[in-house]
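Per the working numbering, the very first residue in the sequence shown carries number -19; after that it's consecutive. For glycine and all other residues, C-beta sits at the position ideal for the given N, C-alpha and C.
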Amino acid sequence: MSTGTTIAAPVASKTARPAGLRRFWPRPKSVAGQIALLGGAAIVASHAAAAVALFAMREPWRAETRPGVAANRLAVIARLLDETAPEGRDAIIAAAGRSLPNLRLEAWQGTPPAIESERLRERPIIGRLLDGYGRELALADLAPDASPEEPPVLHIGLRTPAGAQLQATLPDDALEPPKRGAIIFSFLFLATTLTLLTVWATRALTAPLAQLAGAAEAFGTSRVPLPLPRRGPDEVLALAAALDRMRARVNRLIDDRTQMLAAISHDLRTPITRLRLRAEFIEDDQARERTLRDLDQMNALVEAALAYARDERGAEGGSTAEKPLIDIASLVQTVCDDYSDTGANVSMEQARHVLIRAHPEDLERAVNNLVDNAVKYAGSARLSVSKCTNGVAIEVADDGPGIPESERHAMLQPFVRGDRARNLNDASGFGLGLSIVLAIVEAHDGRLTLENRPAGGLSARIELPGTLAATGGQNARQPEAA
-19 MSTGTTIAAP VASKTARPAG LRRFWPRPKS VAGQIALLGG AAIVASHAAA AVALFAMREP
41 WRAETRPGVA ANRLAVIARL LDETAPEGRD AIIAAAGRSL PNLRLEAWQG TPPAIESERL
101 RERPIIGRLL DGYGRELALA DLAPDASPEE PPVLHIGLRT PAGAQLQATL PDDALEPPKR
161 GAIIFSFLFL ATTLTLLTVW ATRALTAPLA QLAGAAEAFG TSRVPLPLPR RGPDEVLALA
221 AALDRMRARV NRLIDDRTQM LAAISHDLRT PITRLRLRAE FIEDDQARER TLRDLDQMNA
281 LVEAALAYAR DERGAEGGST AEKPLIDIAS LVQTVCDDYS DTGANVSMEQ ARHVLIRAHP
341 EDLERAVNNL VDNAVKYAGS ARLSVSKCTN GVAIEVADDG PGIPESERHA MLQPFVRGDR
401 ARNLNDASGF GLGLSIVLAI VEAHDGRLTL ENRPAGGLSA RIELPGTLAA TGGQNARQPE
461 AA
């Protein structure tokens, strides 16, 4: 209910970046500029990765020095000779020799052996040559006993099915597979770069928004207001500054309203007291009784308004060190016993002894209000204390008519009563009970929920955090170190 009175300092309209960072990293200050920067950086990274892949897989300046390229070109020349008339083959060999000096192409008049040598059959370059030619070729090893050369070469003679013959020198290096590593590296580099760039840009854009959302969520609760973002896009800073000014105005309005309510309620006590004294001198018994009843209702309304104002003003609560250590089950049991002594049908169903730090008077008043509503509208109340995920839960259940879901939020507002047909003559309340409970619960960083039970009736549940120690039985143990 209460928003507290702590107001954050005004948010700077501009980001405070070091001069050196602004000089070397001129990041746009608007969301649109930063998104444009992200898109441009992604394009640059993509082109950089493509350039790396192109550089890694480019053809060398002298492609014929690569075994696979040399074998394919020799296969092309052999097919060309095979399709040319015998008188034109020498010219083709001479022209090819001038164009491809590394192959050392010359005419050859030798005779290939009937069986190829073992040395030729095991060479990968020969397999590439045969694959490139696509038909049967007769091959001869022209230098089987030659001394090793650097780089290693293979001197061969070949004859096509049409009778064309030539000799050539092929590089005898191992065939290099396609550079899959370069391709994989390029794609991994691109994916990693774009991922890191996207994550960085997303965090840079959303972190101020998340901080702003957290500050807005904390506003209106008992928590200390979170600081507003001071760095980020200009749009976020403008929104943070507007939220800061709105928070200050709302706090001033709430403080003024609470002070006015407390002042009016306090000042009404004196005239109510004087009217009570004068009413005692009324001779008509019926008129005196009605007047005193009206004055009692007015006094009860004043007391309820003062209690509500006091709980709202103290909604920030004290620190953990200022709150005493209490056994919440014993406190609830005390409330149950007090109502039972007056003849009310109030029972304790479950008592899990849990030690927490809280203000006992405030929590007792909150439980009293819930039990009073249950007894008033249902005739009975069942109380329980149990452990929950965040701490301890106090539940007050009844078998009454419950509250429609559409009205539950309104029932937590001040001066809203469950029975809209009632009036002050019924002396049934002023609609401040649940509002006071909510203020007390939020002052302890807790949560109040109202739910209709499946079997009928209402369940009012208070969840309080900050559990220090708990016991499974009826005897509380010493609190463990927090």
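Rounded to the nearest whole angstrom, the C-alpha separation of ASN82 and ARG53 is 11 Å.
Under the criterion of beta carbons closer than 8 Å, GLU86 and GLY77 qualify as touching, at roughly 7 Å. Assignment of GLN393 by DSSP, reduced to helix, strand and coil, places it in the coil class. When the five nearest sequence neighbours on each side are left out, the beta carbons in the same chain lying within less than 7 Å of the beta carbon of GLU116 are those of PRO141, in order along the chain.
Setting aside the 5 residues that flank it on each side, ALA51 is surrounded in the same chain by ILE105, ARG108, LEU109, GLY112, LEU150, each with a C-beta closer than 7 Å to its C-beta; the list follows chain order. Leaving aside the five residues that flank SER26 on each side, the residues in its chain whose CB is nearer than 7 Å to its CB run, in chain order, LEU170.
Per DSSP, ASP425 lies in no beta strand (DSSP E) segment and is marked neither H nor E. SER245 sits close to VAL282, with the two beta carbons spaced by under 8 Å. A direct Cα-to-Cα measurement between ALA71 and GLY90 gives close to 19 Å. When secondary structure is reduced to three states using DSSP, ASN432 falls in the strand class. For the pair VAL355 and GLN330, the CB atoms are not nearer than the 8 Å cut-off. Taking the C-beta atoms as reference points, ASP342 is found no nearer than 8 Å to SER360.
Taking all protein chains shown into account, GLN266 has fewer than 16 neighbouring C-beta atoms within 10 Å of its C-beta and is therefore exposed.
If you draw a straight line from the Cα of VAL133 to the Cα of ALA75, it comes to about 22 Å. In the structure shown, ILE262 adopts coil according to DSSP, grouped into three states.
Taking C-beta atoms as the reference points, LYS367 and ARG337 fail to come closer than 8 Å. By the criterion of at least three beta-carbon pairs nearer than 8 Å, the segment 252 to 259 is not in contact with the segment 219 to 228. Counting every other CB atom within 10 Å of its CB across the protein chains shown gives ASP121 a total of 16 or more, marking it as buried. 8 Å or more divides the Cβ of TRP88 from the Cβ of LEU174.
VAL230 sits away from ALA346, with the two beta carbons spaced by 8 Å or more.
By the Cβ-count criterion, ILE164 is exposed, with fewer than 16 other Cβ atoms from all chains shown falling within 10 Å of its own Cβ. Membership of GLY371 in any alpha helix (DSSP H) is not indicated; the residue belongs instead to the beta strand (DSSP E) covering 371 to 377. Cβ atoms of LEU219 and LEU192 come within 8 Å of each other, at about 6 Å. Boundaries of the beta strand (DSSP E) harbouring LYS367: 360 to 367, taken from the DSSP string. The alpha carbon of LEU257 has as its nearest neighbour, out of LEU248, ALA243, LEU272, the alpha carbon of LEU272. Where LEU100 is concerned, the enclosing alpha helix (DSSP H) starts and stops at 98 to 101. In the structure shown, the three-state DSSP call for ASP307 is strand. In terms of Cα proximity to GLY137, the closest of GLY143, ALA148, ASP425 is ALA148. Here LEU217 is buried. Its C-beta has 16 or more other C-beta atoms within 10 Å. Counting along the chain, the unbroken beta strand (DSSP E) around GLY137 starts and ends at 133 to 139. Proximity to PRO124 across ASP152, GLY114, GLY143 peaks at ASP152, based on C-alpha coordinates. Contact check for ILE262 against VAL312 fails: the beta carbons are separated by 8 Å or more. Rounded to whole angstroms, the separation of the alpha carbons of ALA228 and VAL417 is 25 Å.
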